[in-house]
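Converting from the sequence shown to our numbering requires adding 316 to each position, the first position being numbered 1.
Note sheet for the following structure.
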Amino acid sequence: MEDLIHLLPDGASAVAVIVVVMLFLRQQDRINAMLESITQGFNAQVNDSQKTFQEQVVQLTTRQFDNQRLYGDQIQSLIDAHIKVSRETILALKSLEASLKEAKDRGQIH
């Protein structure tokens, strides 16, 4: 037992050990606080990046929808114009046919 008592540090050494342990724990607390701050900053940047990316996806989706609607409108306009020209052509051909028949009936065309 006496051997164990001789191994125990004297008062000054015990205080020094306690101070070293306290300084070590403070340093660990500082490191933990710094890591937490870095982690929070990183998470904030990731969240901002995700938000920006999601906003860009929404903008692109909106643009694509608008472009598809505009293309649809342009195609419908072309179809309507084609139908109008076809009707006018049919009317012109009918008018020409009637004029030719009338001219033939008058004897102007053989």
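Ideal Cβ positions, reconstructed from N, Cα and C, are used throughout, including at glycine.
In angstroms with no decimal places, state the Cα-to-Cα distance between Q380 and D364.
24 Å
In three-state terms, what does DSSP make of Q344?
helix
Would you tell me roughly how many angstroms separate the C-alpha atoms of V331 and M338, rounded to the nearest one?
10 Å
DSSP three-state assignment for I425, whether helix, strand or coil:
coil
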